[in-house]
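Under full-length UniProt numbering, the residues of the sequence shown are numbered 1 to 511, in order. Idealized CB from N, CA, C, for every residue including glycine. Computed from a predicted model, the values in this text were never measured in an experiment.
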Amino acid sequence: MVFVPREVFAGWIRRVGSIDRNIPPENVPALLSDMHIYSSPAPVGEMLQCAKEAAPRGPHIHYPSPVKKTHDRATSRQLSKNGDDKSRRPRKMSKFYVKHDVFLGGSCNPTTWRHDVAIPFFESRGISFFNPQVAEWSPDLVEVEHNAKEKASVLLYVLDRRTRNVVGILEAAYFAGSKRNLVLVLDTYRKQELVAGETISQNEYEELLCGQATLKDLVQHCGYVVFDRIHEAIDWTAKVLEGKPRGRCNATIRNSMNNEENRLQLLRETFDAIDANKRGEIDLSDVYMAYQILSKKKSVEDLRKIISPEKRSNPEHMKIDFEKFCSMMIQLKEDSESVQRNHNERIKRCCSRNLRVDNGSAIDIYVGGSCYDVEWKRDIAVPMLKKSGLKYQLNDCRKVQCSRACSKELQVMDKSKVLVFIITGNTRGLESMALASYYIGKGKQVVLCIQEVTETSTVFDENLSKLARNDYNRGRVYLKDLAKRCGVTVTDNVPDAIQAAVEKSAARAAR
């Protein structure tokens with residue numbers, strides 16, 4: 001919902017008077033009705049209590065200022081029916097939650113992209129948002145943030161390279177799998193840069209890159225746009241909220257672009273979505289965005305190559321009409337196909353998992369997860385699976401600096417009846433947790449074994465810092481909570497996880 005400040009102010013003056021006055025509780029329903037922001041039968045007291053409980057943790061929610069004043073001044077007492085004070089008792093969070101246009105997910109402290117870029121942009125356009133950034137995260141915020149994510153129209157996730165982004169990667173993977181309206185910004189890690197204020201090892205640097213690559217492949221596999229600049233992402237978010245493009249649209253468009261009958265119509269729809277002001281022409285930066293949606297091509301240099309030399313000196317002021325737009329899209333598509341053919345062999349080498357599986361047959365159990373502490377596979381998983389007589393596939397544990405979600409691996413997981421992910425305490429587990437979150441979002445049968453990273457845990461003979469342990473354990477907390485909400489089996493030991501997967505697969509076969 002878009003809040004108009006003058007309407008909110010007028011409603012407040014009419015019902016309450018001066019903005020410095022508190023509002024009596026009995027007047028709140030009428031005030032909210034005047035503002036057209038409250039139509040739920042949930043008690044107003046529950047709503048204010050929810051706001052009061054969330055308020056000390058930081059500026060989560062964007063309200064018009066008069067409403068915010070009311071929340072800030074809410075009484076700290078609870079009253080019984082006869083008006084007497086009563087002591088605070090532990091209680092469940094209210095089921096009433098305000099719906100916001102955008103959830104500002106992704107990297108938090110020490111990043112400032114929300115306050116520096118996103119919030120001013122959305123406030124200037126009357127777009128409501130939920131800001132989860134707090135000075136110190138705690139597990140009780142999981143419920144508050146979960147409901148904000150569930151209610152938001154668009155999920156904007158910015159993953160900044162200054163943080164490990166463990167939870168952000170898992171959340172984005174889940175939302176991609178569950179087909180939510182996701183807008184993603186990935187800021188690629190660079191060598192010899194601090195992460196969370198720490199110098200990280202080469203092994204962790206490679207694993208963070210692999211986690212990003214895995215997420216990117218999962219998101220693009222579902223047809224979402226992935227940005228590398230936040231300004232383009234928030235502009236795209238505003239367009240999604242206007243109902244023109246959809247966050248999940250480029251897969252359908254790319255498939256249809258190969259159909260001559262639909263190509264012109266799709267180009268027209270894309271052009272109109274970008275041309276929000278109906279001027280009949282768009283900027284070069286808009287063409288860049290459109291082509292990213294249509295084909296996942298990223299470099300603006302590809303656009304400059306097909307622009308006449310005399311116009312290259314000032315591309316920002318170049319205006320492109322629909323006819324020119326169509327011509328550019330066709331030429332860029334042809335160039336893209338040529339480049340793709342040249343890269344196919346390299347991609348195959350990177351993503352190959354040496355999976356010798358009959359493509360026409362289903363797999364009962366796919367075993368993924370921790371790759372480098374392999375004793376659990378050799379000593380527990382393989383003997384139990386062989387004894388079950390079920391058809392199984394183990395993920396390949398070759399150390400590669402690329403995504404673990406290449407098309408061949410995804411095909412195997414997609415056709416497996418049950419997926420089991422083993423995330424031990426001697427692994428960071430970022431890619432495995434991302435894959436698990438994605439397939440939970442898709443509604444696949446998943447079984448998890450999740451072990452906490454402790455002070456004695458080692459990954460490639462490296463001890464993790466306290467900050468690193470907190471980051472990777474936070475991801476484990478999120479994944480456990482997600483699994484609980486979705487009815488996914490979670491254990492903390494490998495034998496129970498493998499046994500649960502065997503039983504689920506056998507139950508499916510018996511139907």
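| query | result |
| --- | --- |
| Start-end ranges of the alpha helix (DSSP H) lying completely within the segment 160-241, minimum 4 residues | 166-177, 202-221 and 230-241 |
| Coil, strand or helix - Tyr157 by DSSP | strand |
| Option nearest Phe322 by Cα separation, candidates Tyr366, Ala362, Asp272 and Asp364 | Asp272 |
| Among Leu266, Ile274 and Ile422, nearest to Ile330 - alpha-carbon criterion | Leu266 |
| Integer-rounded CB distance, given that Asp101 should sit under 8 Å from Ser153 | 5 Å |
| 8 Å Cβ shell around Thr188 - same chain, five flanking residues per side excluded | Arg161, Leu209, Gln212 and Asp228 |
| Residue burial classification, Ser327 (beta-carbon count within 10 angstroms, cutoff 16) | exposed |
| DSSP beta-bridge partners of Gln393 | Tyr366 |
| Asp414 - containing alpha helix (DSSP H), residue span | Ser407 to Asp414 |
| For Glu136, the three-state DSSP class (helix, strand or coil) | coil |
| Which of helix, strand or coil DSSP assigns to Phe271 | helix |
| Backbone secondary structure at Leu464 - three-state DSSP | coil |
| CA nearest to the CA of Leu332, picked from Val287, Leu182, Gly369 and Gln445 | Val287 |
| Proximity below 7 Å, CB of Ile422 to CB of Ser370 | yes |
| Sheet register partners of Asp471 (DSSP bridge) | Bridge partners of Asp471: none, in fact. |
| Ile230 versus Arg378 - alpha carbon distance | 45 Å |
| Inter-stretch contact at 8 Å, needing at least 3 Cβ pairs: the segment 414-434 / the segment 445-455 | yes |
| Straight-line Cα distance separating Arg279 from Glu431 | 44 Å |
| Residues near Pro110 in its chain [Cβ-Cβ closer than 7 Å; skip 5 each side] | Arg162 |
| Three or more C-beta pairs below 8 Å linking the segment 169-176 and the segment 432-439 | yes |
| Beta-carbon gap between Gly106 and Gly168 smaller than 7 Å | yes |
| Three-state secondary structure (DSSP) of Gln499 | helix |
| Chain-order list of residues whose beta-carbon lies under 7 Å from that of Arg125 (same chain, five-residue window excluded) | Ala238 |
| Terminal residues of the alpha helix (DSSP H) in which Val453 lies | Here Val453 belongs to no alpha helix (DSSP H), and DSSP marks it neither H nor E. |
| Val142 - containing alpha helix (DSSP H), residue span | Leu141 to Lys151 |
| Pairwise C-alpha distance: Phe129 and Asp373 | 42 Å |
| Alpha-carbon to alpha-carbon, Asn470 and Asp140 | 15 Å |
| Cutoff 6 Å; reference Gly429; Cβ partners in own chain excluding five residues on either side | Ile423 |
| Range of the contiguous alpha helix (DSSP H) that encloses Lys386 | Val382 to Ser388 |
| Option nearest residue 567 by Cα separation, candidates Asp275, Ser201 and Lys417 | As displayed, the chain neither begins before 1 nor continues past 511, which places residue 567 out of reach and without an answer. |
| Bridge partners - Asp321, DSSP secondary structure assignment | Glu281 |
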